[in-house]
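Working notes, structure below.
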Ligand SMILES: [Mn+2]
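Numbering (the working numbering), first residue to last: 67 to 386.
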């Protein structure tokens with residue numbers, strides 16, 4: 067890791083950490099772990115969220131360090147964006163991010179735009195949690211059980227429980243180090259992966275009903291409208307993971323989840339299994355991500371978004 071970046075972290079007396087919008091386990095886990103570690107060395111630390119932390123991750127240590135930016139928010143010595151591929155992923159906090167005299171961007175998205183003063187982007191790393199783990203090691207900060215729980219959550223969620231192709235020997239080495247702090251892996255895994263609500267199950271049922279297959283069953287599409295969310299009582303965050311249903315089907319190469327945020331704003335999650343680079347598809351709409359997992363936002367109606375996506379993906383599937 068860049069020595070200047072490490073020095074900038076060590077030298078700051080006050081630090082704000084920015085996970086990406088619609089924060090996932092990696093964004094939240096890596097942010098809380100870094101916040102806890104910096105706090106322990108006597109720094110003033112806050113994690114600025116765009117939205118509330120999803121219920122699944124509310125058990126994590128350090129949650130008390132997370133909050134929202136107020137109108138007359140003081141500016142910290144250093145702002146760090148974690149797991150954030152571009153400034154769009156900072157949402158409404160982007161202006162505030164650039165107010166600090168020093169900015170850092172630590173991320174593993176291949177599409178990262180290196181928007182900060184110091185950028186540490188490792189596209190081959192499975193999670194930002196792994197990068198924060200390495201940073202803490204480099205600064206010789208001792209990782210306690212609270213930090214370990216957060217980092218393990220970050221790594222386990224971004225690798226789908228060490229199942230995805232991004233999982234490396236390094237990933238397992240980091241996880242092994244974290245386990246050696248004494249964290250209860252069974253309890254953690256249960257909280258992260260086997261902890262659903264009945265409402266989310268109802269939404270899942272609906273999603274399976276709505277699932278459509280195209281291109282000789284190699285493309286799976288699920289479109290969730292606001293009406294569906296309302297009729298099931300589900301919230302936006304309950305859609306997390308639905309895209310994996312499509313990908314789990316034998317023969318499916320690309321799985322898409324299309325979610326209506328409003329009548330004119332559509333959020334898209336893309337997954338692929340072996341050869342389609344979905345980060346390229348997301349980039350066509352100003353989004354980004356990884357080869358096997360990416361996302362973007364499309365302006366327009368849900369039916370238009372669906373039509374556009376299907377035609378682009380068909381093309382990618384046929385170009386093999
Ligand atoms: Mn990540």
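Where a beta carbon is used, it is the ideal one built from N, C-alpha and C, also for glycine.
Computed from a predicted structure; not experimentally measured.
Fewer than three Cβ pairs drawn from the region 159-170 and the region 90-99 lie within less than 8 angstroms of each other, which leaves the two stretches out of contact. Restricting attention to 237, 376, 137, the CA atom closest to the CA of residue 278 is found in 376.
If you compare the alpha carbons of 151, 209, 222 with that of residue 123, the shortest gap goes to 222.
DSSP, reduced to helix, strand and coil, places residue 337 within a strand of the structure shown. Apart from sequence neighbours up to five positions away, the residues of its chain that approach residue 149 with a beta-carbon distance below 7 angstroms are 85, 86, 92, 93, 96, 173, 194, ordered along the chain. Classified as exposed, residue 251 has fewer than 16 neighbouring CB atoms from the shown chains inside 10 Å of its CB.
Residue 335 is classed as buried because its beta carbon has at least 16 other beta carbons within 10 Å across all chains shown. For residue 193, the distance from the CB to the nearest heavy atom of ligand 1 is below 7 angstroms. DSSP places residue 353 in the coil class of the three-state scheme, outside both helix and strand. Distance from residue 115 to residue 103 at the Cβ level is roughly 18 angstroms; contact not present, criterion being Cβ atoms closer than 8 angstroms.
For the pair of segments examined, the region 238-247 was found to touch the region 210-229: the number of CB pairs separated by less than 8 angstroms reaches three.
Sequence-distant Cβ neighbours of residue 213 in its own chain, meaning closer than 6 angstroms and more than five residues away, are 99, 102, 103. At a cut-off of 7 angstroms, the beta-carbon of residue 149 counts as near ligand 1: some heavy atom of the ligand is closer than that.
Among the bridge pairs identified by DSSP, residue 145 is matched with 82, 169. Annotation for residue 162: the continuous alpha helix (DSSP H) segment containing it runs 160-163.
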